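What follows is one structure encoded as C-alpha cells, with my remarks underneath.
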Amino acid sequence: MIEKTISDKFFGGGLIINSSDSENIRKLDYDMIVKLFEKNGVILFRGFDIKPEEITELTDLYTEHYAHDALRRASRIGQKLVRTVDYNSHDALLRANKITQKKLHKVDVVKKKDEDWKMDYDNYEEMSLHSEGSYAPDYPEIIWFYCNEFSTNGKGCTTLCDGIKLWDNLSYETKNFFLLNPIRYKLKIPVAEKKIGNGKKKWLLNYQGAGDGLLDLSNGLLNITQIRFAVHPSRLPNKMCFSNHILYRDTDPHILEWGTIDGSKIPQNILDEVKEKSKKLTYDLDWKKNDFVMLDNKRFIHGRRAFKKGDKRDIMIVESSSANFSYGSTTRIKINQNKSITKKS
Ligand SMILES: [Fe+2]
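Under this note's numbering, the first residue of the sequence shown carries the number 9, and numbering increases by one thereafter.
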C-alpha cells in the first residue's frame, strides 16, 4: 500500500492509502489501520476493488455497534446500515422505508430492493459543514463514505474540515464561549412511521445529555432535549476538536430550536468567526469511483458543494456509533515512555 497526505489544511495532513498490486482491503492490518485512523482522523482508501454490497463487511471490522440514523435517509443496496448521503424528501423516504416498531428507541429500517431506489435530487444545494448526528443522542464516532458514482464535472465535492485545526485557529473569546457553554438542541425525532397508540409517554434514552423525552404515540415522534458541548477532547494528547452542528445553515428537520442552555442564541460574531475560519480550512474531496473514507466524526466536520440536477452523484454512508477500539487507544503515551529509567542505589 502507498500512503500520502491529503491536505495541509488538516492537522497532520490526513491520509490517502492507495492500493498496490491488487491488494485486498480486508487484508490490511487491523492494528495499523486503527493507529493511522486515530492519528490522522481521516483515511481515504483509493484504488481498492470494493463493491457496494461489501461495505458493511469492511465497517464491521472496526465497529462495536452502528448508529440508528433518523428516518430521513433511504436505505441502499438491500442493507439497512447503508444509506445515501443526498437524502430525499421526508415523504419519499416514508415511501421507501417501513419501520419496525418492536423497539421504539431504535430506528430500524427494513430492507429495500436496490432497483426500487431512485434519486430525485431534490437536495442539491450546498450543504454546510457539520458533524453527523452531533445534535442527536446517538452521536456516531466514525462515519464511512463510499463513492458508487461521481460524474459531476467537478461539482458536488464533499467538503472536509479538521475540527482540531479549526479549534486551534479560533480566537480566545470564541474558545472561551464554547468551553463554557454547552449547546442545547430541542429535537423531534421520528422513531416509528405511523400511529402506534394514543397519548404521550415519558421516554428515557440512555445517553449523556439527553432528557425530557416524550414519545407521541399518535404519530411516532419523540420530542427530546439534547445538551452537548460543541468542542470536546480529540484522540490526540492535548488537542481539542471543534466538531458540531452550529454551522448548519438549513436547520435539520429534526432540530426544532437550538442555542445555549439558558435559551440564548449563539452570538452572531462568534458564528461569523467560525464560518470564516472554517471556510479557509475546508478541503474539497473530489471523489473517484470506489473511494472509501473512514472519518473521525468527533473530529472532522463535513458538508457538500452544490451540484446540478442530472449530475450523477451517488455517495453512500454508514455510521458507526462506537468503534470496537477505545478512544485514544493508540495515541495516548505512557508517562515515562521517553524517560530513561534510573536505578536507585
Ligand atoms: Fe452529513
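The beta-carbon is built from N, C-alpha and C at its ideal position, and this holds for glycine as well. Treat the numbers as computed from the prediction; the structure is a model and nothing was measured.
- ILE204 and PHE19 have their C-alpha atoms roughly 48 Å apart.
- Going by DSSP, GLU281 is part of no beta strand (DSSP E) but of the alpha helix (DSSP H) stretching over 276-288.
- PHE300: not part of any alpha helix (DSSP H); member of the beta strand (DSSP E) spanning 300-304, first to last residue.
- If the five residues before and after TYR154 are omitted, its C-beta is found closer than 6 Å to the C-beta atoms of ILE63, PHE300 and MET324, all from its own chain and listed in chain order.
- Relative to the non-hydrogen atoms of ligand 1, the Cβ of HIS73 never comes closer than 7 Å to any of them.
- Across the structure, MET302 and ASP220 are spaced so that their CA atoms are roughly 34 Å apart.
- Assignment of THR71 by DSSP, reduced to helix, strand and coil, places it in the strand class.
- Here DSSP, grouped into helix, strand and coil, assigns ASP270 to coil.
- According to the DSSP assignment, GLY311 belongs to the beta strand (DSSP E) that extends over 308-312.
- For ASN48, no beta strand (DSSP E) encloses it; the enclosing alpha helix (DSSP H) starts and ends at 38-48.
- Cβ atoms of ASN305 and ILE191 stay farther apart than 8 Å, at about 16 Å.
- In this structure ILE10 is in contact with ASN26, their Cβ atoms being roughly 4 Å apart against a cut-off of 8 Å.
- Inclusion of PHE250 and LEU137 in the CB contact set at 8 Å is not warranted, their separation being larger than that value.
- Closer than 7 Å to some heavy atom of ligand 1: that describes the Cβ of HIS138.
- Beta-bridge partners of ARG243 (DSSP): none assigned.
- Contact check for LYS43 against THR338 passes: the beta carbons are separated by less than 8 Å.
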